[in-house]
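Participant: Quick one: this structure, given as structure tokens, is what I'll be asking you about.
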Amino acid sequence: MPLTVGTAGHVDHGKTWLVRALTGKDTDRLPEERERGISIDLGYAPLELPDGRRLSLVDVPGHERFVRAMVAGATGIDLFLLVVDAGEGARPQTHEHLAILRLLGVERGVVAVTKADAADAETLELVLDEARELVPGAEVVAVSAKTGAGLDELRAALGRTADLVAQSNYLPSTAAARLHVDRVFTLKGIGTVATGTLWSGSVGEGDVLRLEPAGREVRVRSVQVHDEPVERAEAGQRVAVSLPGVERAELRRGDVLVAPGAFRPSFRIDVALEPAGEIADGARLLVHHGTAAVPGRMVRSGDWAQLRLARPLVAAPGDRVVLRAETTLGGGTVLDAAPPRRAAPRAERALHAPVLVEGEWRFADAWLDELRAGLERRLDAADPLDPGIDAPTEPWARDVLARLPFERRGSRLYRPGAGASLGAREGDAVALEAAAAAAAPGAVKVEDSDLARFLEREGRLVRVGDGFAVSPAAYESARRLVLEECAAASAIGLARFRDLAGCGRRDAQLLLERLDADGVTRRVGDERVLRRRSAATG
Ligand SMILES: Nc1nc2c(ncn2[C@@H]2O[C@H](COP(=O)(O)OP(=O)(O)OP(=O)(O)O)[C@@H](O)[C@H]2O)c(=O)[nH]1
Ligand SMILES: [Mg+2]
30 MPLTVGTAGH VDHGKTWLVR ALTGKDTDRL PEERERGISI DLGYAPLELP
80 DGRRLSLVDV PGHERFVRAM VAGATGIDLF LLVVDAGEGA RPQTHEHLAI
130 LRLLGVERGV VAVTKADAAD AETLELVLDE ARELVPGAEV VAVSAKTGAG
180 LDELRAALGR TADLVAQSNY LPSTAAARLH VDRVFTLKGI GTVATGTLWS
230 GSVGEGDVLR LEPAGREVRV RSVQVHDEPV ERAEAGQRVA VSLPGVERAE
280 LRRGDVLVAP GAFRPSFRID VALEPAGEIA DGARLLVHHG TAAVPGRMVR
330 SGDWAQLRLA RPLVAAPGDR VVLRAETTLG GGTVLDAAPP RRAAPRAERA
380 LHAPVLVEGE WRFADAWLDE LRAGLERRLD AADPLDPGID APTEPWARDV
430 LARLPFERRG SRLYRPGAGA SLGAREGDAV ALEAAAAAAA PGAVKVEDSD
480 LARFLEREGR LVRVGDGFAV SPAAYESARR LVLEECAAAS AIGLARFRDL
530 AGCGRRDAQL LLERLDADGV TRRVGDERVL RRRSAATG
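Okay, so the sequence shown: first residue is 30 according to our numbering, each after it adds one.
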């Protein structure tokens, strides 16, 4: 799944130039941006890493007047690219953007100290040291967008950091769809298109969604990820959906597209507060959530607060909010996305389920026992192929799970040392393997997708398309065939591949799509060409 990287940093420190140097795309496209030489709105560009992986880059403005756009851009990102001018060092929005990233829970990223070509060696060293101190744990790279120096190291650092993030990120595709809109535009012949990050669930052609807070039902005609059409987009991806019959003016940044009935817009939200400065009870502030920014008033009791909003937000427990007035005042984690009006934390929460008090989760022993028993019941019922369950994602999860005798692996929870086994399904596994071998060079239909996934991990099967698989030998010979044909003829079309492979059209299509997904080939029009990496090593 492609991760999204967001820039951050003070005005004029070189973010947009760096994005252009990395991607070839100038994200300052508004006439006013070109004229004034500063960024005003969000910019988007795909970034290809040396190993063929793709990241999405979001370029944000640094000017203090546009922090609101910065927060909207940063809410959907997985890692940051903090940009610091080598001649200037950290400045006010360097610090503010960093604080916002922390409040949004974006903990990993890379620091680029840029314009290195224009700074003397001593200043550059000082600023590099300052950057290391400012963001401990992040890689710090000296670069120049002007000369290109350091760009390869920066790409490599982004790749390493993306690896770390990919292992810890968890976004359930099975949950209800929620997409926070960050851009709306009209395309000739297509109509209104909205883009944003899919926070949860999946979105596909023909789905009916609700546009909130307007409360209007819309139908999705087509879905794109990275300018390429897909049948379904999954949680975590940057997505563009076309919405026939919706006028451009009916939609704007801050709106949310959700699965009907799954979320309720609310004028009130309860949060566990993370103050960064003084926030008095009754304070008026701007509440940033998703891509929206809504004025509100805070009713506060210790680290608990109720936000009373001028316009409704579509939130869910565990979401992050950022609270700003003139500056960033703090943030919070949503406890209740549609609470009744109240002026203090609900009493029964304190008695039973976790409630945040002075930065610590408090709960009753009986509640912990219930949680443990429930998790154990679900682990007993788990599939032996993957004997784990999705770990709870509530805000208290990390602290509470540390007190239970389970093992956390990424987003999943296991009994300590539990491993996958086929159990009684070894017979099915052998049969499926044999069927795939018999169908070579073509594919077989797979009824048990968990079994197929398990066999693929063991190197006994290669899944293709939605619900099909081929034998590893069939996949390997298809790969070799494509490499050889592309070396000889520079590209390969579907019909040619089918003839060479000797399989049917559908299976040829499935195999080629899998080779695309594996980064061997890339689609250009009706043909496939090798990606640079496979051309070099093939
Ligand atoms: N010498 C040198 N100058 C640079 C480099 N990168 C950017 N600049 C200069 O810095 C100016 C600002 O760069 P931008 O990339 O627009 O800065 P920004 O951080 O995107 O600014 P905002 O989006 O407005 O916050 C450019 O117009 C260049 O003059 C670099 O690598 N070397
Ligand atoms: Mg810029």
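From the three backbone atoms N, C-alpha and C, an ideal C-beta is built for every residue, glycine too.
Near ligand 2, which residues have their beta-carbon less than 5 Å from any of its heavy atoms, given in chain order?
Facilitator: This criterion selects 44, 45 and 68.
Participant: Does DSSP put residue 266 in a helix, a strand or coil?
Facilitator: As a first step, residue 266 is located in the sequence shown; it is residue number 237 there, counting from the start. In the structure shown, residue 266 sits in coil (DSSP, three-state: anything other than H, G, I, E or B).
Participant: Using C-beta distances below 6 Å, list every residue in its chain close to residue 400, excluding the 5 sequence neighbours before and after it, in chain order.
Facilitator: Indexing the sequence shown from 1 puts residue 400 at position 371. Correct list: empty, nothing qualifies.
Participant: Between residue 144 and ligand 1, is there a pair consisting of the residue's CB and a ligand heavy atom that are separated by less than 6 Å?
Facilitator: Walking along the sequence shown from the start, residue 144 turns up at place 115. Under cutoff, so the answer is yes.
Participant: Count the other C-beta atoms from every protein chain shown that fall within 10 angstroms of the C-beta of residue 94, then say buried if there are 16 or more, exposed otherwise.
Facilitator: Working through the sequence shown from its first residue, we reach residue 94 at position 65. Classification for residue 94: exposed.
Participant: Assess, as a yes-or-no matter, whether the segment 328-339 is touched by the segment 277-294 under the definition of 3 or more beta carbon pairs within less than 8 Å.
Facilitator: No, they do not touch.
Participant: Would you say residue 239 and residue 224 are within 7 Å of each other, going by their C-beta atoms?
Facilitator: Taking the first residue of the sequence shown as 1, we reach residue 239 at position 210. Taking the first residue of the sequence shown as 1, we reach residue 224 at position 195. No, they are not a contact pair.
Participant: Closest to residue 531 by C-alpha separation, out of 545, 149, 471 and 487, would be which residue?
Facilitator: Locating residue 531 in the sequence shown gives position 502, where the first residue counts as 1. Out of 545, 149, 471 and 487, 471 has the C-alpha closest to the C-alpha of residue 531.
Participant: Does the beta-carbon of residue 298 have 16 or more other beta-carbons within 10 angstroms, so that it is buried, or is it exposed?
Facilitator: Within the sequence shown, residue 298 is the residue found at index 269, counting from 1. That one is buried.
Participant: My parser needs the beta strand (DSSP E) runs of 3 or more residues fully inside the segment 40-118; what are they?
Facilitator: The qualifying runs are 72-77, 83-88 and 108-114.
Participant: Ignore the nearest five residues each way along the sequence and tell me which others in residue 207's own chain have a CB closer than 8 Å to its CB.
Facilitator: Position 178 of the sequence shown, counted from the start, is the residue given in the question as residue 207. Closer than 8 Å at the Cβ level, and outside the excluded window around residue 207, lie 227, 228, 229, 230, 285, 286, 287, 288, 291, 292, 343 and 345.
Participant: Can you tell me the Cα-Cα spacing of residue 431 and residue 468, whole angstroms?
Facilitator: On the sequence shown, position 402 is the one that residue 431 refers to. On the sequence shown, position 439 is the one that residue 468 refers to. Answer to the nearest angstrom: the Cα atoms are 48 Å apart.
Participant: For the segment 335-342 against the segment 317-326, do three or more pairs of beta-carbon atoms, one drawn from each stretch, fall closer than 8 Å, so that the two count as touching?
Facilitator: As far as the Cβ criterion goes, the segment 335-342 touches the segment 317-326, which means the pair count is three or higher.
Participant: Considering only C-alpha positions, which residue in the set 402, 193 and 397 is nearest to residue 137?
Facilitator: Within the sequence shown, residue 137 is the residue found at index 108, counting from 1. Considering only alpha carbons, the answer is 193.
Participant: Would you mind sorting residue 262 into buried or exposed? The rule is 16 or more other CB atoms within 10 Å of its CB.
Facilitator: As a first step, residue 262 is located in the sequence shown; it is residue number 233 there, counting from the start. Buried is the call here.
Participant: Given this structure, state the Cα-to-Cα distance separating residue 294 from residue 366, to the nearest angstrom.
Facilitator: Position 265 of the sequence shown holds residue 294. Position 337 of the sequence shown holds residue 366. One C-alpha to the other measures close to 8 Å.
Participant: At which residues does the alpha helix (DSSP H) containing residue 152 begin and terminate?
Facilitator: Along the sequence shown, one-based indexing puts residue 152 at 123. From DSSP, the alpha helix (DSSP H) with residue 152 extends over 150-163.
Participant: Nearest by alpha-carbon distance to residue 451: which of 435, 484 and 242 is it?
Facilitator: As a first step, residue 451 must be located in the sequence shown, where it is residue number 422. If we check each option's Cα against that of residue 451, 484 comes out closest.
Participant: Run the CB neighbour count on residue 555, radius 10 Å, all protein chains shown included, and call it buried at 16 or more, exposed below.
Facilitator: Translated into the one-based positions of the sequence shown, residue 555 becomes position 526. Exposed.
Participant: Going by DSSP, what residues sit across from residue 499 in a beta bridge?
Facilitator: If you number the sequence shown from 1, residue 499 lands on position 470. Answer by DSSP bridge pairing, in chain order: 491.
Participant: Can you give me the C-alpha to C-alpha distance between residue 271 and residue 306, rounded to a whole angstrom?
Facilitator: Within the sequence shown, numbered from 1, the residue matching residue 271 stands at position 242. Within the sequence shown, numbered from 1, the residue matching residue 306 stands at position 277. Approximately 42 Å between the Cα atoms of the pair.
Participant: Hey, could you find the ends of the alpha helix (DSSP H) residue 409 is sitting in?
Facilitator: Numbered from 1 along the sequence shown, position 380 holds the residue referred to as residue 409. Taken as a continuous stretch (DSSP letters only), the alpha helix (DSSP H) holding residue 409 covers 394-409.
Participant: Compute the beta-carbon to beta-carbon distance between residue 87 and residue 176, rounded to the nearest angstrom, for a pair I have assumed lies under 8 Å.
Facilitator: Taking the sequence shown and counting its residues from 1, the one referred to as residue 87 is at position 58. Taking the sequence shown and counting its residues from 1, the one referred to as residue 176 is at position 147. Contact flag wrong, Cβ pair sits at about 25 Å.
Participant: Excluding sequence positions up to five away, which residues of its chain have a Cβ less than 6 Å from the Cβ of residue 462?
Facilitator: Indexing the sequence shown from 1 puts residue 462 at position 433. Excluding positions up to five away in sequence, the list reads 489.
Participant: Should residue 355 go down as buried or exposed, given a rule of 16 or more other Cβ atoms within 10 Å for buried?
Facilitator: Taking the first residue of the sequence shown as position 1, residue 355 is located at position 326. Exposed.
Participant: Are residue 50 and residue 174 touching if we call contact CB-CB under 7 Å?
Facilitator: The count along the sequence shown starts at 1 and reaches residue 50 at position 21. The count along the sequence shown starts at 1 and reaches residue 174 at position 145. Yes; because the gap between Cβ atoms is below 7 Å, this pair is in contact.
Participant: Where does residue 536 sit, in a helix, a strand or coil, going by DSSP?
Facilitator: Within the sequence shown, numbered from 1, the residue matching residue 536 stands at position 507. Of the three classes helix, strand and coil, the one that applies to residue 536 here is helix, per DSSP.
Participant: Beta-carbon separation of residue 139 and residue 187 under 7 Å?
Facilitator: What you label residue 139 is simply residue 110 of the sequence shown in a count that begins at 1. What you label residue 187 is simply residue 158 of the sequence shown in a count that begins at 1. It is a contact, given that the beta carbons lie within the stated cut-off.
Participant: Do residue 126 and ligand 1 come close, with the Cβ less than 6 Å from some heavy atom?
Facilitator: Translated into the one-based positions of the sequence shown, residue 126 becomes position 97. False, no ligand heavy atom lies under 6 Å from that Cβ.
Participant: Within 10 angstroms of its Cβ, does residue 106 collect 16 or more other Cβ (buried), or is it exposed?
Facilitator: Counting from 1 along the sequence shown, the entry for residue 106 is found at position 77. Under this definition residue 106 is a buried residue.
Participant: Using 7 Å as the threshold, is the C-beta distance between residue 145 and residue 153 below it?
Facilitator: Stepping through the sequence shown from its first residue, residue 145 is reached at position 116. Stepping through the sequence shown from its first residue, residue 153 is reached at position 124. Yes, the pair counts as a contact, with Cβ atoms nearer than the cut-off.
Participant: Is it the case that the Cβ atoms of residue 112 and residue 52 are separated by a distance below 7 Å?
Facilitator: Taking the sequence shown and counting its residues from 1, the one referred to as residue 112 is at position 83. Taking the sequence shown and counting its residues from 1, the one referred to as residue 52 is at position 23. No, the Cβ-Cβ distance between residue 112 and residue 52 is not below 7 Å.
Participant: Are residue 116 and residue 39 close, meaning C-beta to C-beta below 7 Å?
Facilitator: Position 87 of the sequence shown, counted from the first residue, corresponds to residue 116. Position 10 of the sequence shown, counted from the first residue, corresponds to residue 39. Contact: no.
Participant: Would you kindly check if the distance between the Cβ of residue 222 and the Cβ of residue 191 is under 7 Å?
Facilitator: Within the sequence shown, the letter at position 162 stands for residue 191. Within the sequence shown, the letter at position 193 stands for residue 222. No, Cβ-Cβ distance for residue 191 and residue 222 is not below 7 Å.
Participant: Going by other Cβ atoms of all chains shown within 10 Å of its Cβ, with 16 needed for buried, is residue 265 buried or exposed?
Facilitator: Against the sequence shown, residue 265 aligns to sequence position 236. Answer is buried; the Cβ neighbour count reaches 16.
Participant: Using C-beta distances below 8 Å, list every residue in its chain close to residue 523, excluding the 5 sequence neighbours before and after it, in chain order.
Facilitator: Mapped onto the sequence shown, residue 523 falls at position 494. So the list reads 534, 537, 538, 541 and 555, once near-sequence residues are dropped.
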